[in-house]
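Remarks on the structure that follows.
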């Protein structure tokens with residue numbers, strides 16, 4: 257859909273410059289922050305304004321091609337409050353005590369180490385990471401206002417263990433006051449993934465874990481195929497047989 261707007265050539269040049277600048281310097285969430293949260297525009301106002309926040313400028317001559325703003329990710333709730341926990345697969349390995357090398361990748365055969373892992377993750381700390389509450393290290397330097405909103409909604413995020421049959425999953429248990437939007441959840445997961453790789457989880461990965469049965473193991477929370485799965489999406493018929501050890 258398009259609107260014909262009568263403007264002088266100079267006015268049009270200035271608008272082109274403004275829209276080009278916005279498109280080059282702000283992503284969709286940042287533009288939404290400015291228009292909705294800073295300037296107080298309603299969703300209808302933003303749609304009427306005509307920004308397509310994924311390609312926010314699309315102008316030709318005196319015509320502005322008005323793209324519709326997709327607000328779904330900014331407004332739709334994630335349903336995380338229904339069961340405030342995020343699951344992810346892990347890499348679990350058996351370590352040779354003599355060589356210190358990985359002896360065996362445990363894949364779907366790690367449930368017997370659940371209690372050892374739970375204890376380690378509950379009590380693990382370093383000088384740099386004295387707490388296992390990952391919200392203490394949560395930062396979104398390019399999205400400070402979204403960071404503030406997420407911090408208000410997520411009070412704590414503590415890693416634990418979820419057991420399904422013989423398979424071990426990382427379970428990030430959340431204490432929440434309000435549901436996250438889909439966009440907030442996306443940024444939250446990205447930042448937690450970074451902590452799994454370079455922060456608290458990266459430090460945990462360097463630790464060899466002595467188990468009650470005498471084995472030496474290590475756990476890696478981050479890997480190339482890392483994805484997060486909201487616990488509310490688990491099939492209801494399996495939940496009764498699944499053990500959560502937090």
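Numbering (my numbering), first residue to last: 257 to 502.
Glycine included, every Cβ here is placed at the ideal spot set by N, Cα and C.
- Restricting attention to beta strand (DSSP E) runs no shorter than 3 residues, the region 398-476 encloses them at 410-420, 423-432 and 472-476, ordered along the chain.
- A distance below 7 Å separates the beta carbons of residue 487 and residue 339.
- Straight-line spacing of the CA atoms in residue 292 and residue 390 works out to 29 Å.
- Here residue 411 is not near residue 403, since their CB atoms are 7 Å or more apart.
- For residue 360, the enclosing beta strand (DSSP E) has its first and last residue at 358-361.
- Under the three-state reduction of DSSP, residue 341 is assigned to strand.
- CA-CA distance, residue 377 to residue 463, rounds to 11 Å.
- When only Cα atoms are considered, residue 352 and residue 426 end up about 23 Å apart.
- Put simply, the region 360-380 touches the region 411-421. At least three CB pairs are less than 8 Å apart.
- With at least 16 other beta carbons inside 10 angstroms of its own, residue 439 counts as buried.
- When the Cα atoms are used, residue 472 and residue 441 turn out to be separated by approximately 35 Å.
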